[in-house]
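Student: So that we are looking at the same thing, I have put the structure below in structure tokens.
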Amino acid sequence: MKTLRECVAEAQQKKVAIGHFNISNLEGLWGVFKAAYSLGVPVIIGVSEGERDFVGVHQAKALVDSLRKEYNYPIFLNADHTYSFDRVKEVIDAGYDSVIFDGANISFEENVKLAKQCVDYARACGRDVLVEGELGYIGQSSKILDEIPEGVSFDDASLTSPEKAKEFVDATGVDMLAPAVGNVHGMLRGGVDPKLRIDLVKSISETVGIPLVLHGGSGNSGEDFKAAIAHGVVIVHINTEIRVAYKKGLQLALQENPDEVAPYKFLREAVKEVQAVAEAKLRLFNNL
Ligand SMILES: [Zn+2]
């Protein structure tokens, strides 16, 4: 069975990206897994602090492991945006494959210090755990936005600079970096986000020399994804579009069968909608 590090290296070499999809429950997990399995591509399940408070830190791990073992399949578990060392430690101890320390909204110095502490803990844990760092603020909520969130701007001074990124990566030893390159968490109502700065993706990638992770992928165009993946992005995060799909499936099923009370029946539509969105993204990210 390939490790996440091996899958990331393979994606980098093939110039494709691994899809990262967040889940809040078992239906979301099945939707994403079925999509990946039908295409035969590796996939990462993400759980943010809020999502793992709901699912359970250890329960998320057990669920993903159950699929990995039963299907002998490269499905991995990532602790998405984690804001403290204690919560990073918690998921490393729980057996997660990777973790994101998100210090994008604190000072550069504090971000470096805490990210380094997370990397040191991961290296000493006895397993190969990938640690991702964040540089550049892109908002924090995976939801439908009426406007660009406060604190997010797309001028050069607010986006991640290749020099700062290099300093951050050298000082912390993170395995992967999530930059701010015109991406934003959530997606604008209407579903079309601002264009990505592909020139910046390219120069950051060439400067830092480690895989880049694109967050806030919901709402970005296929063309932007292709260009970003061609220039150093190895993992793409999709959350809002998955959430929207889940809710749409659930609403449709309840509207069409208002007397249905069996959750396994009305939740089937939610699984299907999630699967369809995940599959379309995975095809795009993997050139299928
Ligand atoms: Zn994110």
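In my numbering, the protein residues as written are -5 to 282. Glycine residues also receive a C-beta, built at the ideal position from the N, C-alpha and C atoms. Values in this document were obtained by computation on a predicted structure and should not be read as measured data.
Does DSSP put residue 105 in a helix, a strand or coil?
Tutor: Translated into positions along the sequence shown, residue 105 becomes position 111. In the structure shown, residue 105 sits in a helix (DSSP, three-state: H, G or I).
Student: Can you give the beta carbon distance from residue 248 to residue 260, rounded, assuming they're within the 8 Å contact cut?
Tutor: Residue mapping note: residue 248 aligns to position 254 of the sequence shown, counting from 1. Residue mapping note: residue 260 aligns to position 266 of the sequence shown, counting from 1. Correct: roughly 6 Å between the Cβ atoms.
Student: For residue 122, is the beta carbon positioned less than 7 Å from some heavy atom of ligand 1?
Tutor: Residue mapping note: residue 122 aligns to position 128 of the sequence shown, counting from 1. No, Cβ of residue 122 sits at least 7 Å from all heavy atoms of ligand 1.
Student: Can you tell me whether residue 7 is buried or exposed? The criterion is at least 16 other CB atoms within 10 Å of its CB, across all chains shown.
Tutor: As a position in the sequence shown, residue 7 is number 13, starting the count at 1. Exposed, by the Cβ-count rule.
Student: Quick one: what's got a C-beta closer than 7 Å to residue 190's C-beta in the same chain, skipping five residues either side?
Tutor: Here the question's residue 190 lines up with position 196 in the sequence shown. Exclusion of the five residues before and after residue 190 leaves 175, 176, 177, 214, 218, 222 as the residues of its chain whose Cβ lies within less than 7 Å of its Cβ.
Student: Restricting to Cα atoms, I'd like to know which of 95, 33, 86 is closest to residue 69.
Tutor: Reading the sequence shown from its first residue, position 75 is the one you call residue 69. Out of 95, 33, 86, 33 has the C-alpha closest to the C-alpha of residue 69.
Student: Please confirm whether residue 94 and residue 172 have their CB atoms less than 8 Å apart.
Tutor: Locating residue 94 in the sequence shown gives position 100, counting from the first residue. Locating residue 172 in the sequence shown gives position 178, counting from the first residue. In contact: residue 94 and residue 172 (Cβ atoms closer than 8 Å).
Student: Smallest Cα separation from residue 168: which of 143, 205, 17?
Tutor: In the sequence shown, counting from the first residue as 1, residue 168 sits at position 174. Per the Cα distances, 205.
Student: Nearest to residue 152 by alpha carbon, out of 99, 242, 252?
Tutor: Looking up residue 152 in the sequence shown gives position 158. When each option's Cα is compared against that of residue 152, the closest is 99.
Student: Any heavy atom of ligand 1 closer than 7 Å to the beta-carbon of residue 187?
Tutor: Residue mapping note: residue 187 aligns to position 193 of the sequence shown, counting from 1. No, the Cβ of residue 187 stays beyond 7 Å of every heavy atom of ligand 1.
Student: According to DSSP, residue 268 sits in a beta bridge with which residue or residues?
Tutor: Numbered from 1 along the sequence shown, position 274 holds the residue referred to as residue 268. Its beta-bridge partners do not exist; DSSP assigns none.
Student: With hydrogens ignored, establish whether the beta-carbon of residue 210 is closer than 7 Å to any heavy atom of ligand 1.
Tutor: Within the sequence shown, numbered from 1, the residue matching residue 210 stands at position 216. Indeed, a heavy atom of ligand 1 lies less than 7 Å from the Cβ.
Student: Could you tell me how far apart the beta carbons of residue 26 and residue 41 are, in whole angstroms, since I believe they sit closer than 8 Å?
Tutor: For the purposes of this step, residue 26 is taken as the residue at position 32 of the sequence shown. For the purposes of this step, residue 41 is taken as the residue at position 47 of the sequence shown. Rounded, the Cβ-Cβ distance is 12 Å, inconsistent with contact.
Student: With H, G and I counted as helix, E and B as strand and the rest as coil, what does DSSP make of residue 165?
Tutor: Reading the sequence shown from its first residue, position 171 is the one you call residue 165. The three-state reading of DSSP puts residue 165 in helix, counting H, G and I together.
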